[in-house]
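**Student:** First to last, the protein sequences are chains W and C. Read in order, the letters of the first sequence are residues 0 to 421 in numbering that gives the first Met the number 0. Read in order, the letters of the second sequence are residues 0 to 371 in numbering that gives the first Met the number 0.
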Amino acid sequence: MNIKILNTDSLPFCKGCGHNLISKNTAKALERMELSPLDVIMVTDIGCHGIIDKTLNTHTIHGLHGRSVALGAGIVFGLKEPGKKIIVFIGDGGATIGLQHIMEAARLNLNMSVVVHNNMLYGMTGGQSSGLTPEGFRTTTSADGSPFSGYDICALAHTAGAAYVTRVPGIGDISEKLVKTFSTEGFSLMEVVEICPSYGIKFNPGMKLNEIIETSGRKPGEWFNNRPVFTHHKGKKSENLLSKTPIIEPLFYSSLDKPVSLILSGSAGEGVQLTATIIAKAAMRSGLHVTQKGSYPVTVGVGFSTAEINISKEDIHFHGINIPDLVVITSKEGLNHSKRRIGLMKKGALFIDQTLDVPDTGAEIITEDYRGIGARTASLFAAIKCVTKTKILTYEAIFYTIEAEGLDKKLPVEKIKTALGL
Amino acid sequence: MKREESKGMALIEGSRLIMEALARAGADSYIGYPITPANLLYQYGGQRLDIMLAAPDEISTLQWMSGLSSTGRIPVTATSFPGFALMIESINMAYMMELPMIIILVQRLGPSTGTATNGAQGDLLLLKGMISGGHPIPVLCTSSFEDSWSLAAETVKMAVEMRTPVVLLTSKEEVMTHKSFDISKLDEIEKVDHKFYDNAEQYKSYLPKDMVPEFLPLTQNRHQVRINASTHDQMGILQHSTDEALANTRRLEEKIYHRMKCHLKFDYDQHENAEKIVLSYGITASAAREAVAQMRAEGEKVSLLIAKTLLPVPPVYLEILKKYKRVVIAEENMNNQFGSLLFGINKPEGLRVAGALGKMITPQQIIEEVKA
Numbered sequence: 000m001n002i003k004i005l006n007t008d009s010l011p012f013c014k015g016c017g018h019n020l021i022s023k024n025t026a027k028a029l030e031r032m033e034l035s036p037l038d039v040i041m042v043t044d045i046g047c048h049g050i051i052d053k054t055l056n057t058h059t060i061h062g063l064h065g066r067s068v069a070l071g072a073g074i075v076f077g078l079k080e081p082g083k084k085i086i087v088f089i090g091d092g093g094a095t096i097g098l099q100h101i102m103e104a105a106r107l108n109l110n111m112s113v114v115v116h117n118n119m120l121y122g123m124t125g126g127q128s129s130g131l132t133p134e135g136f137r138t139t140t141s142a143d144g145s146p147f148s149g150y151d152i153c154a155l156a157h158t159a160g161a162a163y164v165t166r167v168p169g170i171g172d173i174s175e176k177l178v179k180t181f182s183t184e185g186f187s188l189m190e191v192v193e194i195c196p197s198y199g200i201k202f203n204p205g206m207k208l209n210e211i212i213e214t215s216g217r218k219p220g221e222w223f224n225n226r227p228v229f230t231h232h233k234g235k236k237s238e239n240l241l242s243k244t245p246i247i248e249p250l251f252y253s254s255l256d257k258p259v260s261l262i263l264s265g266s267a268g269e270g271v272q273l274t275a276t277i278i279a280k281a282a283m284r285s286g287l288h289v290t291q292k293g294s295y296p297v298t299v300g301v302g303f304s305t306a307e308i309n310i311s312k313e314d315i316h317f318h319g320i321n322i323p324d325l326v327v328i329t330s331k332e333g334l335n336h337s338k339r340r341i342g343l344m345k346k347g348a349l350f351i352d353q354t355l356d357v358p359d360t361g362a363e364i365i366t367e368d369y370r371g372i373g374a375r376t377a378s379l380f381a382a383i384k385c386v387t388k389t390k391i392l393t394y395e396a397i398f399y400t401i402e403a404e405g406l407d408k409k410l411p412v413e414k415i416k417t418a419l420g421l
Numbered sequence: 000m001k002r003e004e005s006k007g008m009a010l011i012e013g014s015r016l017i018m019e020a021l022a023r024a025g026a027d028s029y030i031g032y033p034i035t036p037a038n039l040l041y042q043y044g045g046q047r048l049d050i051m052l053a054a055p056d057e058i059s060t061l062q063w064m065s066g067l068s069s070t071g072r073i074p075v076t077a078t079s080f081p082g083f084a085l086m087i088e089s090i091n092m093a094y095m096m097e098l099p100m101i102i103i104l105v106q107r108l109g110p111s112t113g114t115a116t117n118g119a120q121g122d123l124l125l126l127k128g129m130i131s132g133g134h135p136i137p138v139l140c141t142s143s144f145e146d147s148w149s150l151a152a153e154t155v156k157m158a159v160e161m162r163t164p165v166v167l168l169t170s171k172e173e174v175m176t177h178k179s180f181d182i183s184k185l186d187e188i189e190k191v192d193h194k195f196y197d198n199a200e201q202y203k204s205y206l207p208k209d210m211v212p213e214f215l216p217l218t219q220n221r222h223q224v225r226i227n228a229s230t231h232d233q234m235g236i237l238q239h240s241t242d243e244a245l246a247n248t249r250r251l252e253e254k255i256y257h258r259m260k261c262h263l264k265f266d267y268d269q270h271e272n273a274e275k276i277v278l279s280y281g282i283t284a285s286a287a288r289e290a291v292a293q294m295r296a297e298g299e300k301v302s303l304l305i306a307k308t309l310l311p312v313p314p315v316y317l318e319i320l321k322k323y324k325r326v327v328i329a330e331e332n333m334n335n336q337f338g339s340l341l342f343g344i345n346k347p348e349g350l351r352v353a354g355a356l357g358k359m360i361t362p363q364q365i366i367e368e369v370k371a
C-alpha cells in the first residue's frame with residue numbers, strides 16, 4: 000500500500016516525548032503490514048496521546064478519558080467486515096480509570112490491540128501520579144516519590160487472558176514489537192514506558208528510563224495465552240416475542256358484575272405468583288379483563304410473596320390496589336405484609352388460614368384450613384375457594400386453565416378437587 | 000372495550016411489547032447490566048435482538064453501545080437510576096458523537112438505590128439537565144401498553160433520523176405488570192431505514208444536512224470517518240473553540256428542537272366547555288384516565304392531556320393548559336417535576352398537584368384535586 004498512515008511528519012507532542020516514537024512506529028508497523036489506512040480504526044481518548052487523531056489517515060474515534068478500550072470493544076462487537084484492525088491508544092491515567100475495560104477485553108479475548116502510553120503520570124493535567132506510577136517516582140502529587148508501587152498492567156492483562164502482552168521501553172525502533180502486537184489474533188496489549196519531558200524529567204532529573212524500569216521491577220518481556228478469540232455466542236433467538244404469549248380465548252362464563260381487586264399473600268415457595276397467573280388466565284378464559292403483578296423481597300426465595308389481581312368486565316386503566324375487595328392470606332409473612340391494607344377494608348372479604356391471628360378489619364372474615372393441604376398448595380387452594388365462593392370464576396374455568404397451562408402434572412389437582420368436595 | 004370484542008387477548012407485560020417493537024423497528028443489539036426493575040427487558044432483549052452482550056458495568060454498557068453504533072448497529076439497553084447515573088458521561092459522549100441508540104430508563108424509587116421494587120416518576124428533571132450545556136436529549140414516555148409498542152418503535156426512528164441517543168422513559172409498574180391485552184390490534188411496525196452516506200465526494204462526519212449529518216460506519220473503506228466526543232469541526236477533528244466547531248456544538252441543540260417537531264406525541268382528550276384539565280404521563284396516566292372517566296360519568300366537565308413527548312418540552316402543552324382555569328398535574332413524585340418544567344417558578348394560580356412517594360397515585364387522589 001502506498002497510502003501513508005500519518006498525514007504529516009510534524010506530530011503535536013512535546014519534543015522528546017515518547018508519544019512521538021509510538022506514533023511514528025505505529026505508522027511504520029501498519030505500513031509494513033500493508034494495511035490500508037481505511038482498514039484501521041484508531042480509538043483514542045483524553046490524555047496527551049489522544050491528540051494524535053488529526054495526523055492520521057485512518058478512521059478515528061476519540062472518546063472519554065480511559066474508556067477507549069470499552070469503546071473499541073464495542074466496535075469489535077459490531078464489526079461485520081473482515082480484515083479490520085482496531086487499535087486503541089490509551090495513557091497510564093486512562094489505563095487506571097479504565098482498568099476494568101482492559102480486564103474485560105482481555106477476558107473476552109477481543110480481537111483488538113491496545114497501546115498503553117505509560118509515562119507514569121497524568122501529563123495533560125499537570126503531572127499527577129497515576130495508578131501506574133512506580134514507587135519512588137516523583138510527580139506533582141508525590142514530591143518525595145510515590146509511596147506505592149504501580150499496577151503491573153502487563154501482568155493484569157495477561158492474567159485476565161490477553162492473547163499477547165508485551166512491555167517495551169520507549170527507546171529506539173519499536174515497530175517490530177508493534178507488528179507482533181497488531182498481528183495477534185485476539186487481545187493484545189503493549190505497554191510502552193516513557194518519561195514525560197515536561198514533568199517526569201523535571202521532577203526526576205538525571206533518572207534514566209531503563210533505570211526506572213529496572214528498579215520498579217517492570218522488566219520488558221512478552222507474555223502469551225493461547226485462547227479462543229471472541230465470537231458472538233449464537234444462542235437460540237426468538238423471531239417474535241409475542242408468539243410466546245398465547246392468545247387466551249374466552250370459553251367460560253363469569254357472573255362478575257363490577258370490578259374486583261384481589262390480593263393473595265403468603266410466603267415464598269408457596270406458589271403465590273403461580274396461583275395469581277392461574278386466576279388471571281382463568282378470568283381471561285371467562286371473558287374478563289385482568290391485571291396481575293407480584294411483590295416480593297429482592298431475595299425471591301425467602302420472605303413474603305404477594306400478588307395483586309384486578310378483574311373486570313371492562314378494560315382496566317388503573318391497576319393499583321389501595322383498598323382491596325378480597326384478600327387471601329395463607330401465611331404469617333403474608334399476613335404481615337398485607338395487614339395495613341386489610342385494616343383499611345370496610346367491606347369485602349378476608350380469607351385467612353385458621354392458624355393465623357385475624358387482624359382488625361371491616362371485611363367479612365372467612366377462616367378455614369388452607370395450609371392443611373400442604374404449604375405449597377395452600378395459596379392455590381385458598382384462592383380457588385375465594386374466587387368461586389364470590390362467584391367470580393367457576394371451577395371449570397380454573398381447572399381447565401391448570402390443564403391448558405400444563406400444570407396438572409405439577410400440581411396435586413385431584414387432592415385439591417377432593418378437598419373442595421368435587 | 001368489552002372483552003368479547005377482543006380477538007387476540009394475551010396476558011402480557013410492557014417489557015415484551017417494548018422489546019418486540021424495538022426489534023421490528025430495527026434495533027439489533029442489546030447490551031445489558033442487570034438491575035431491578037429492568038431485568039425483563041434484558042431477558043427479552045437477549046432473546047430477540049441479533050446481538051446480546053453482558054457488560055460488566057453501566058459505563059461499559061454505554062461505551063460498547065457507542066462502539067456498536069459507530070459500526071452502523073442500533074443498540075439498546077435498559078436500566079434504572081443507579082445504572083443510568085453511571086451512563087450519563089457516556090451518553091454525553093454518544094450525544095456529542097451523534098450516535099443513534101436507545102436507552103430505556105425504568106424508574107424506581109430513589110434517591111440513591113432507594114427501593115428497587117417500588118415504582119416512581121422521579122427522574123424527569125435528571126433527564127432535563129443531563130447533557131452538559133443544557134442541550135436537550137429526546138425523551139418519550141410510555142403511558143399505556145399501546146405506547147410501549149408504538150413509542151418504542153418511534154425511538155428507533157428518532158435515534159436514526161436525528162443521529163442521537165434517545166431515552167424511552169417508563170417505570171417499574173409499566174414494564175413488570177401483566178395485563179390482558181389484545182395483541183391482534185397492534186399497529187404494524189415498519190423497519191427503520193438506517194441510511195448511510197453514499198456519495199463519491201469526501202465525507203465529512205459532521206457536515207449537516209437539514210441539521211443532521213449523514214451517517215457512515217467506521218467499518219467501511221470508501222471514506223475516512225472521524226468521530227469525536229470533544230469539541231470538533233465538521234471533519235470531526237478536535238478544536239478548541241473555532242467558529243466552525245462552536246457552530247457544530249450549537250447545531251446539536253438546534254437539530255433536536257428542529258427535528259422533534261415530527262415526533263410530537265400526546266393525547267389531548269378535550270371535553271367541551273371544560274374549565275378543568277388533568278395533565279399526566281407515564282404510570283400515573285392510567286390513574287388519570289380512570290379519574291377523568293369517573294368524573295365524566297358523574298357529569299363533571301374535565302379534559303385530559305397525556306404527555307408522551309416529555310423532552311424537549313413541546314410548547315403545545317402550555318398552549319393547551321392556558322385555556323383552563325384549573326390544571327391538575329398528576330405524577331408520582333413529591334415535587335411536581337413536570338410542572339416545574341412547564342412553568343418554572345411561575346406556577347399559575349389554578350395549578351394543583353397530585354403527587355406521591357413510594358406508592359401509585361390513585362384516581363381518587365386526582366379527583367380530589369380536580370374538585371378542590
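Backbone N, C-alpha and C define an ideal beta-carbon position, used for all residues, glycine too. Everything numeric in this text was worked out from a predicted model, so none of it was measured.
Where are the beta strand (DSSP E) runs, 3 residues long or more, that stay fully inside the segment 296–345 of chain C, in chain order?
**Tutor:** List check, beta strand (DSSP E) in window: 301–306, 308–310, 325–329.
**Student:** Per DSSP, Ile265(W) is paired with what?
**Tutor:** With the sequence shown as reference, residue 265(W) is identified as Gly, and Ile is not the correct amino acid for it. Gly265(W) is bridged to Ser304(W).
**Student:** Does the CB of Thr373(C) have a neighbour CB from chain W at under 7 Å?
**Tutor:** The question about residue 373(C) has no answer, for chain C in this structure spans 0 to 371.
**Student:** What is the DSSP secondary structure of Cys261(C), reduced to helix, strand or coil?
**Tutor:** In this structure, Cys261(C) counts as helix in the three-state DSSP scheme.
**Student:** Kindly list, in the order they appear in chain W, the residues whose Cβ is closer than 7 Å to that of Pro55(C).
**Tutor:** Under the 7 Å cutoff, chain W gives Gln99, Glu103.
**Student:** Got a sec: is the Cβ-Cβ distance from Phe317(W) to anything in chain C below 7 Å?
**Tutor:** With 7 Å as the cut-off, Phe317(W) counts as an interface residue toward chain C.
**Student:** What first and last residue would you give for the beta strand (DSSP E) that runs through His116(W)?
**Tutor:** Element bounds for His116(W): 111–117.
**Student:** Counting only C-beta atoms, is Gly65(W) closer than 7 Å to chain C at any point?
**Tutor:** By this cut-off, Gly65(W) is not an interface position.
**Student:** Would you say Val39(W) and Thr59(W) are within 7 Å of each other, going by their C-beta atoms?
**Tutor:** Not closer than 7 Å, so no.
**Student:** Using a Cβ-Cβ distance under 7 Å, would Phe76(W) count as near chain C?
**Tutor:** Chain C contact via Cβ: present.
**Student:** Spell out whether any CB of chain C is found under 7 Å from the CB atom of Leu34(W).
**Tutor:** Chain C, which has no Cβ nearer than 7 Å to the Cβ of Leu34(W), makes this no.
**Student:** Which whole-angstrom value is the C-beta distance of Gly66(C) and Gly73(W), which I expect to be below 8 Å?
**Tutor:** Right, their Cβ atoms sit about 2 Å apart.
**Student:** Where do the N-terminal and C-terminal ends of the beta strand (DSSP E) with Ile45(W) fall, by residue?
**Tutor:** No beta strand (DSSP E) holds Ile45(W); DSSP gives it neither H nor E.
**Student:** Could you tell me which residues DSSP pairs with Met234(C) in its beta bridges?
**Tutor:** Per DSSP, none; premise fails for Met234(C).
**Student:** Nearest to Phe83(C) by CA position, among Met95(C), Ser68(C), Leu98(C), Ile130(C), is which residue?
**Tutor:** If we check each option's Cα against that of Phe83(C), Ile130(C) comes out closest.
**Student:** Within a Cβ cutoff of 8 Å, which residues of the same chain sit near Glu289(C), ignoring the five residues on either side of it in sequence?
**Tutor:** Taken in chain order, the residues that qualify are Pro362.
**Student:** Going along chain W in order, which residues have a C-beta closer than 9 Å to the C-beta of Tyr9(C)?
**Tutor:** For clarity, residue 9(C) is Ala in the given sequence; the question names Tyr instead. By Cβ distance, chain W contributes Leu241, Thr244, Pro245, Ile246, Ile247, Met283.
**Student:** State the DSSP-derived secondary structure class of Thr248(C), mapped to helix, strand or coil.
**Tutor:** Here Thr248(C) sits in helix by DSSP.
**Student:** Between the segment 335–348 of chain W and chain C, which residues of the former have CB atoms less than 9 Å from a CB of the latter, in chain order?
**Tutor:** Listed by position along the chain: nothing, the set is empty.
**Student:** Whose C-beta lies closer than 6 Å to the C-beta of Ile50(W) among residues of the same chain, with five residues either side of it excluded?
**Tutor:** Cβ neighbours of Ile50(W) beyond the five flanking positions: Pro11.
**Student:** Which first and last residues belong to the alpha helix (DSSP H) in which Pro81(W) is found?
**Tutor:** Element bounds for Pro81(W): n/a, residue is neither H nor E.
**Student:** Can a CB atom of chain W be found closer than 7 Å to the CB of Asn227(C)?
**Tutor:** True, the Cβ-Cβ gap to chain W drops below 7 Å.
**Student:** Which residues in chain W have a C-beta closer than 9 Å to the C-beta of Ile372(C)? List them in chain order.
**Tutor:** Because chain C here runs from 0 to 371, residue 372(C) falls outside it and cannot be looked at.
**Student:** Using only the alpha-carbon positions, how far apart do Trp80(C) and Thr214(W) sit?
**Tutor:** One point to set straight first is that residue 80(C) is Phe, not Trp, in the sequence displayed. Answer to the nearest angstrom: the Cα atoms are 46 Å apart.
**Student:** Kindly confirm or deny that the segment 245–259 of chain C and the segment 275–283 of chain C touch, where touching means at least three C-beta pairs closer than 8 Å.
**Tutor:** The segment 245–259 of chain C vs the segment 275–283 of chain C: no contact.
**Student:** If I measure Cβ to Cβ from His100(W) and keep anything under 6 Å in the same chain, skipping five residues before and after, which residues do I get?
**Tutor:** Once the five neighbours on either side are set aside, the close Cβ partners of His100(W) are Val68, Ala69.
**Student:** Identify, in the order they occur along the chain, each residue of the same chain with its Cβ nearer than 6 Å to the Cβ of Met189(W), setting aside the five sequence neighbours on each side.
**Tutor:** Hits under 6 Å: Val114, Thr165, Thr180.
**Student:** Hey, which unbroken runs of the beta strand (DSSP E) at 3 residues or more fall wholly within the segment 226–256 of chain W?
**Tutor:** Qualifying beta strand (DSSP E) stretches: none in this window.
**Student:** With a CB to CB cut of under 8 Å and the five nearest residues on each side skipped, what residues in its chain are close to Pro311(C)?
**Tutor:** Within the same chain, Pro311(C) has close Cβ partners Pro135, Pro137, Ile255, Tyr256, Met259.
**Student:** Here's a check: name, in chain order, each residue in its chain whose Cβ is nearer than 6 Å to the Cβ of Ser311(W), leaving out the five neighbours to either side.
**Tutor:** Pro258, His288, listed in sequence order.
**Student:** Roughly how many whole angstroms lie between the Cα atoms of Glu426(W) and Ile282(C)?
**Tutor:** Examination of residue 426(W) is not possible in this model, given that chain W is present from 0 through 421 alone.
**Student:** Between Met18(C) and chain W, is there a C-beta pair that is closer than 7 Å?
**Tutor:** Interface residue, yes.
**Student:** Helix or strand or just coil, what does DSSP make of Tyr394(W)?
**Tutor:** Helix.
**Student:** Which of the three DSSP states is assigned to Pro74(C) in this structure?
**Tutor:** Pro74(C) falls in the strand class under three-state DSSP.
**Student:** Using C-beta distances below 7 Å, list every residue in its chain close to Arg226(W), excluding the 5 sequence neighbours before and after it, in chain order.
**Tutor:** Asn108, Gly160, Ala162, Gly185.
**Student:** Do Thr176(C) and Thr290(W) come within 7 Å of each other at the CB atom, strictly closer than that value?
**Tutor:** Cβ atoms of Thr290(W) and Thr176(C): closer than 7 Å.
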